[in-house]
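I have placed the structure first, in the form of structure tokens, so that the comments after it can refer back to it.
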Amino acid sequence: MRRGVAAGTAVVLVLEAVAIGAVNWILGLAVRHQEMSLGGLDSGTMAAGSWAGGGLFALFLVGCAVLVARIALRDRMAGRLGRIALIVCAVVQGVVGALVVGIVGWPAFALLMVILALLVGTLLLYAPEDRPPAALTSTDR
Numbered sequence: 067m068r069r070g071v072a073a074g075t076a077v078v079l080v081l082e083a084v085a086i087g088a089v090n091w092i093l094g095l096a097v098r099h100q101e102m103s104l105g106g107l108d109s110g111t112m113a114a115g116s117w118a119g120g121g122l123f124a125l126f127l128v129g130c131a132v133l134v135a136r137i138a139l140r141d142r143m144a145g146r147l148g149r150i151a152l153i154v155c156a157v158v159q160g161v162v163g164a165l166v167v168g169i170v171g172w173p174a175f176a177l178l179m180v181i182l183a184l185l186v187g188t189l190l191l192y193a194p195e196d197r198p199p200a201a202l203t204s205t206d207r
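First residue of the sequence shown? That's 67 in my numbering, and the numbers climb one at a time after it.
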């Protein structure tokens, strides 16, 4: 079951990365073609910022997807840095979900919360098991 959850999480993260990249590309094109300006910024600069930001966010999501796919293939959790990256990804999902509810609406929020649930599920299913404390030896006393 946990391999399936991890594999599903990886697929969903790749799809989200593609969607984020496409939305930011379209937003950049819209700003550039309409020659919009915000606070005196050049429209080309704002378009480039949209493309760079969307590309970096998409690369981060693809990196997390690769990490989760690796977890699914090996059937064990990544190291400490891998867990930290997945926790950061989950936090970002929650923040983006909170922002998107006001901008896009409840269906987008629900979709992002499903992705968040898959990430948290992967983290919990592959959590290290509790071990009993080691027996004290005469050198530990």
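In this text, a Cβ means the ideal position worked out from N, Cα and C, and glycines have one as well.
This one's a predicted model, so the numbers in the text were calculated from it and none came from an experiment.
Could you give the distance in angstroms between the alpha-carbon of G110 and the alpha-carbon of L95? Taking the first residue of the sequence shown as 1, we reach residue 110 at position 44. Taking the first residue of the sequence shown as 1, we reach residue 95 at position 29. Approximately 9 Å, taken between the alpha carbons.
Where do the ends of the alpha helix (DSSP H) carrying G163 lie? Within the sequence shown, the letter at position 97 stands for residue 163. DSSP places G163 in the uninterrupted alpha helix (DSSP H) bounded by 146–169.
What is the C-beta distance between G160 and L182, in whole angstroms, given that I count them as a contact (C-beta under 8 Å)? As a working mapping, residue 160 is identified with position 94 in the sequence shown. As a working mapping, residue 182 is identified with position 116 in the sequence shown. Right, their Cβ atoms sit about 6 Å apart.
Residue span of the alpha helix (DSSP H) that contains G88, given as start and end: Here residue 88 corresponds to residue number 22 of the sequence shown, with the count starting at 1. In the sequence as presented, Gly is not what sits at residue 88; that position holds Ala. Segment 68–100, the alpha helix (DSSP H) holding A88.
Outcome for I137 when other beta-carbon atoms lying within 10 angstroms are tallied against a minimum of 16: Here residue 137 is taken as the residue at index 71 of the sequence shown, counted from 1. By the beta-carbon neighbour count (other beta carbons within 10 angstroms, threshold 16), I137 is buried.
In three-state terms, what does DSSP make of M143? Walking along the sequence shown from the start, residue 143 turns up at place 77. DSSP places M143 in coil when its eight states are reduced to three.
Compare the Cα-Cα distances from L189 to each of S103, V134, L178 and report the closest residue. As a first step, residue 189 must be located in the sequence shown, where it is residue number 123. When each option's Cα is compared against that of L189, the closest is V134.
With a threshold of 16 other CB atoms inside 10 Å of the CB of A156, please say whether the residue is buried or exposed. Residue mapping note: residue 156 aligns to position 90 of the sequence shown, counting from 1. By the 10 Å Cβ count, A156 comes out buried.
For the structure I just gave you, are there three or more beta carbon pairs, one from the region 115–122 and one from the region 168–183, closer than 8 Å? no
Please identify the residue among R98, F123, T75 whose C-alpha is closest to the C-alpha of A221. The requested residue 221 is not part of the displayed model; the chain covers only 67 to 207.
Short of 8 Å in beta carbon distance, which residues of its chain neighbour A193, apart from the five on each side in sequence? Order them along the chain. The residue labelled residue 193 in the question sits at position 127 within the sequence shown. Hits under 8 Å: M143.
If you follow the alpha helix (DSSP H) that L177 is part of, which residue opens it and which one closes it? For the purposes of this step, residue 177 is taken as the residue at position 111 of the sequence shown. Run containing L177: 172–191, per the alpha helix (DSSP H) assignment.
Measuring only between beta-carbons, confirm whether R146 sits less than 9 Å from chain D. This model lacks chain D altogether; it includes just one protein chain.
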